[in-house]
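There are 2 protein chains.
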Amino acid sequence: MKRTRPLSLGLGNVSQADLEAAPDRTPRAARASGLDRSLCRALLRAAGSPPVALRLWNGEVVSTADAAPVATVVLRDRGALYRLIRNPDLHFGDLYSVGRIDVEGDFVALLEAIYRGMGHLHGNALVRLRERLTNRPRVNTLAGSRENIHHHYDLGNEFYRLWLDTAAMQYTCAYYPDPAMSLEQAQVAKLDHVARKLRLKPGDRVVEAGCGWGGLARHFARSYGVTVRAYNISSEQVAFARERARDEGLADRVEYVLDDYRNIEGSYDVFVSVGMLEHVGPTNYGTLGDVIDRCLAPHGRGFIHSIGRNRPGKMNAWIEKRIFPGAYPPSLGEMMAIFEPRRFSVLDVENLRLHYAQTLRHWLERFERNAGTIEDMFDPFFVRAWRLYLAGSIAAFTTGSLQLFQVVFARGADNELPWSRAHLHPQA
Amino acid sequence: MKRTRPLSLGLGNVSQADLEAAPDRTPRAARASGLDRSLCRALLRAAGSPPVALRLWNGEVVSTADAAPVATVVLRDRGALYRLIRNPDLHFGDLYSVGRIDVEGDFVALLEAIYRGMGHLHGNALVRLRERLTNRPRVNTLAGSRENIHHHYDLGNEFYRLWLDTAAMQYTCAYYPDPAMSLEQAQVAKLDHVARKLRLKPGDRVVEAGCGWGGLARHFARSYGVTVRAYNISSEQVAFARERARDEGLADRVEYVLDDYRNIEGSYDVFVSVGMLEHVGPTNYGTLGDVIDRCLAPHGRGFIHSIGRNRPGKMNAWIEKRIFPGAYPPSLGEMMAIFEPRRFSVLDVENLRLHYAQTLRHWLERFERNAGTIEDMFDPFFVRAWRLYLAGSIAAFTTGSLQLFQVVFARGADNELPWSRAHLHPQA
Chain P
1 MKRTRPLSLG LGNVSQADLE AAPDRTPRAA RASGLDRSLC RALLRAAGSP PVALRLWNGE
61 VVSTADAAPV ATVVLRDRGA LYRLIRNPDL HFGDLYSVGR IDVEGDFVAL LEAIYRGMGH
121 LHGNALVRLR ERLTNRPRVN TLAGSRENIH HHYDLGNEFY RLWLDTAAMQ YTCAYYPDPA
181 MSLEQAQVAK LDHVARKLRL KPGDRVVEAG CGWGGLARHF ARSYGVTVRA YNISSEQVAF
241 ARERARDEGL ADRVEYVLDD YRNIEGSYDV FVSVGMLEHV GPTNYGTLGD VIDRCLAPHG
301 RGFIHSIGRN RPGKMNAWIE KRIFPGAYPP SLGEMMAIFE PRRFSVLDVE NLRLHYAQTL
361 RHWLERFERN AGTIEDMFDP FFVRAWRLYL AGSIAAFTTG SLQLFQVVFA RGADNELPWS
421 RAHLHPQA
Chain H
429 MKRTRPLSLG LGNVSQADLE AAPDRTPRAA RASGLDRSLC RALLRAAGSP PVALRLWNGE
489 VVSTADAAPV ATVVLRDRGA LYRLIRNPDL HFGDLYSVGR IDVEGDFVAL LEAIYRGMGH
549 LHGNALVRLR ERLTNRPRVN TLAGSRENIH HHYDLGNEFY RLWLDTAAMQ YTCAYYPDPA
609 MSLEQAQVAK LDHVARKLRL KPGDRVVEAG CGWGGLARHF ARSYGVTVRA YNISSEQVAF
669 ARERARDEGL ADRVEYVLDD YRNIEGSYDV FVSVGMLEHV GPTNYGTLGD VIDRCLAPHG
729 RGFIHSIGRN RPGKMNAWIE KRIFPGAYPP SLGEMMAIFE PRRFSVLDVE NLRLHYAQTL
789 RHWLERFERN AGTIEDMFDP FFVRAWRLYL AGSIAAFTTG SLQLFQVVFA RGADNELPWS
849 RAHLHPQA
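Here is the structure:
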């Protein structure tokens, strides 16, 4: 069934220029000039000369790598090349989404090759200068956050249901202690891993900042005998979460609040946030620390799970513009702005980077299986854009461009701490 | 047997003024003035009014806390009070060392009360300003480091043998998965915990930065079939370590190098450093990162174990002056200056704060048992100073003033990572 939203994925913002020169309107036989070929080579070199071939609209192939190409990027028209040159980070995604760029071969391998190539450029002084100049995360105001979250998370529960895990609809990194696990198993394993890190015990009052479709809150209430108050500013998600809690008879133990984390009230034994920090923005980390300080009991346990970076750096421009407006994955050092000013004590950090790549593989596989249905819901541009986003995210995690940090913390003076982390691995 | 060192613990630097007014030279009956009592109250309030009593030279007792005092600080003369007022962080230690201050009651509980009281002052703007102004760690040059390390670690192996674990003479935090463990058990447990974190396998080439008496290197070579090159700038420690390695038939697999970590050469599968970072100083973290980047193989595993802080802050002035010149325990955020510029990926952080308190309890107990022998080796001032240092360190760890971070890291692009941390807890 076709959704009636006017925009799919914000691609209504794609300029007419992107759509104008659709492949079939450009004569494929148009000759490529020496300048075109030079630009292609410059483009590849700017990406660190990855083992990737560029095929032009007339069939010519350009490559700057010695190694055999892992995949071929097909440029359907000259305009696509020119746009790509101007801002590859941003325009590759838009041009791919509208079909003016295609990929032949292994899409994830292609994106991994590009990420790796660009990683090798890191030592380059110009690249570092550009990183510094452009690494200015935007400020997420209360209203701005609502708009940004609506953009992504209110695409429709029926859409996310097609490719997330069926059990709890978790749109965050799963935990694969065994990589052969199913997505459903790994998402439940994640919830139990987090519960163990938080040393949940019956009667604990839990507050959750950014609860998605509420799966963690219901699982904690059902399996650990705690009560949960969960905050989220996505109205579609909260409506779904409340309905599920009612259906599962958990409405007396789980409360979903349609509000911003900054408005959290009350006192809690546990603060938990899985996959929200990416949307908070570094300028608000002090505020988040204040919220936690306000609401965490003296022996309270805290937990934050977030996409991150090995060093500060902006989100890919296209992802930030089209997929996740306002998103910013922090480095561990940047995350400390939440904890250090309030003397919270970081007890445990675990990096689950490869677990997110594995989660995304499962998501992409289900997404592709349902691509026809999703195209009917939205349009072909949407399907292509999301394919790129999911494949690109796999590549970002496998190449180390993105990390996944789980941080356990407590108040600085709290001595009610376990003597080891053996409880995290009960079957080990 | 009396040691012939001219200084014991640098206390030769204690000014004559500290010694002049030794308790028995001051008439105990000298009246205390209203000013004296006011100064005492001001001193206690500046420490956050801990549940501590001050007893003056004439027997009068002053306290500003409502709670019953956990212990009493005895000021033997008026001059001691005046010196204490001028710079309590620095002079408390010196005055206690020379006996112009005494403590009656539980020494550790007293120091914990003071740490807690000062922790409560943290919100105070003046205190924070003072922290900022005085938090300028000194620069450790190659020659300066050698002098600083000599000051502490070359006090004589026979001294350390009296209170460290007998198995490996480890002067770093042990690991107590069960707090009932003996010091010997917990120190071996630490080495195995670190070995598991590093996923040691036979044939691995290990480099160790700052190896103490070489216990880790020998244990790794003996139990894990690796070869270790271990760097240390303390000549007494290196001589001891070499002798032990020869005695244990490990000389072909363990090499001790009397040199600075900055001069590490070669390529290694494993970089490990336990208890050296405290002596490196933040201005050298970039250099340390460069050393690791230079010597770590592409799939190399890295590990740093260090005393730290929940937020940046200087070492206690007396400890830094008398016990550990040049020492600086970093916050996690500060530690990131080692990793982030080189895109090392932090995989795991574990905070073992309470394990260090437990380790120190064992050390202090053995130290007290051998206090007579140690006084014969040095002098009574030395024994008092070290009692204060060990007890104060227990209090710093139990109150959260100090942390103990173990950080596992790898190169950013390395995907040869375990799928869980279950291997760290084989008996769990």
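From first to last, the protein sequence lines stand for chains P and H. The opening position of the first sequence corresponds to residue 1 in this note's numbering, with each subsequent residue numbered one higher. The opening position of the second sequence corresponds to residue 429 in this note's numbering, with each subsequent residue numbered one higher. Note that the Cβ used here is the ideal one computed from N, Cα and C, for glycine as well. If you're wondering where the values come from, they're calculated on a predicted model, not measured in any experiment.
Per the C-alpha coordinates, the member of H:LEU678, H:GLY728, H:ALA458, H:LEU705 positioned closest to LEU484 (chain H) is H:ALA458. With 16 or more other Cβ atoms inside 10 Å of its own Cβ, ASP348 (chain P) counts as buried. Note on ASN316 (chain P): 16 or more other CB atoms within 10 angstroms of its CB, so buried under the neighbour-count rule. Taking 9 Å as the CB threshold, TYR684 (chain H) stays off the interface with chain P.
A Cβ-Cβ contact shorter than 9 Å links TYR328 (chain P) with GLY281 (chain P).
Looking at H:LEU782, H:PRO497, H:PRO726, H:HIS853, the one whose alpha-carbon comes closest to that of SER829 (chain H) is H:LEU782.
At least 9 Å separates the beta-carbon of TYR689 (chain H) from that of VAL666 (chain H). Excluding its 5 nearest sequence neighbours in each direction, ARG387 (chain P) has C-beta neighbours in its own chain below 8 Å: PHE107, LEU364, PHE367, GLU368, ALA371, listed in chain order. Rounded to the nearest whole angstrom, the CA to CA distance from GLY487 (chain H) to PHE810 (chain H) is 27 Å.
Judged by their CB atoms, LYS190 (chain P) and GLN170 (chain P) are nearer to each other than the 9 Å cut-off.
For PRO726 (chain H), the uninterrupted beta strand (DSSP E) run begins and ends at 724 to 736, by DSSP. The alpha carbon of GLN358 (chain P) has as its nearest neighbour, out of P:PHE344, P:ASP379, P:ARG343, P:LEU404, the alpha carbon of P:LEU404. Contact annotation: PRO630 (chain H) and TYR603 (chain H) have beta-carbon atoms that are not nearer than 9 Å. Taking 8 Å as the Cβ-Cβ cut-off, the stretch 163 to 174 of chain P has no residue approaching chain H. In this structure, GLY640 (chain H) keeps its C-beta atom at 9 Å or more from the C-beta atom of ALA673 (chain H). Residue burial annotation: TYR696 (chain H) is buried, with at least 16 other C-beta atoms found within 10 angstroms of its C-beta. Listed along chain H, the residues sitting closer than 8 Å to THR398 (chain P) by beta-carbon distance are ASN843.
Only residues of its own chain outside the window of five on either side were considered, and among them ALA481, LEU482, ARG483, THR500 have a CB closer than 8 Å to the CB of VAL489 (chain H), listed in chain order. In terms of Cβ geometry, HIS305 (chain P) and VAL407 (chain P) form a close pair [threshold 9 Å].
For THR801 (chain H), the enclosing alpha helix (DSSP H) covers residues 799 to 805.
At a cut-off of 4 residues, the continuous stretches assigned as alpha helix (DSSP H) that sit fully inside the stretch 360 to 428 of chain P are 371 to 377, 380 to 398. If you look at GLY105 (chain P), you'll find it in the beta strand (DSSP E) that goes 101 to 105. When DSSP reads this structure, ARG55 (chain P) sits in a beta bridge with P:VAL61, P:VAL74. When DSSP states are grouped into helix, strand and coil, TYR261 (chain P) belongs to the helix group. For GLY547 (chain H), the chain P residues whose Cβ falls inside 8 Å of its Cβ are ARG343, GLY412, ALA413, in order along the chain. THR227 (chain P) sits in a strand when the DSSP states are folded into three classes. A direct Cα-Cα distance of roughly 43 Å separates LEU512 (chain H) from PRO769 (chain H). Excluding five sequence positions before and after ILE323 (chain P), the CB atoms of its chain that fall closer than 6 Å to its own CB belong to TYR389, given in chain order.
Under the three-state reduction of DSSP output, GLU748 (chain H) falls in the helix class.
When 9 Å is used as the limit between beta carbons, GLU488 (chain H) is near no residue of chain P, the shortest such separation being about 32 Å. Judged by beta-carbon spacing, VAL254 (chain P) lies beyond the 9 Å limit of GLY210 (chain P), meaning their Cβ atoms are not closer than that value.
Note that the C-beta distance between LEU705 (chain H) and GLY333 (chain P) is not below 9 Å. DSSP, reduced to helix, strand and coil, places VAL635 (chain H) within a strand of the structure shown. Not flagged as an interface residue toward chain H: VAL70 (chain P), since no C-beta distance is shorter than 9 Å.
The three-state secondary structure of ASN515 (chain H), taken from DSSP, is coil. Of H:ARG849, H:GLU575, H:HIS707, H:GLY694, the smallest CA-CA separation from ASP721 (chain H) is found for H:GLY694.
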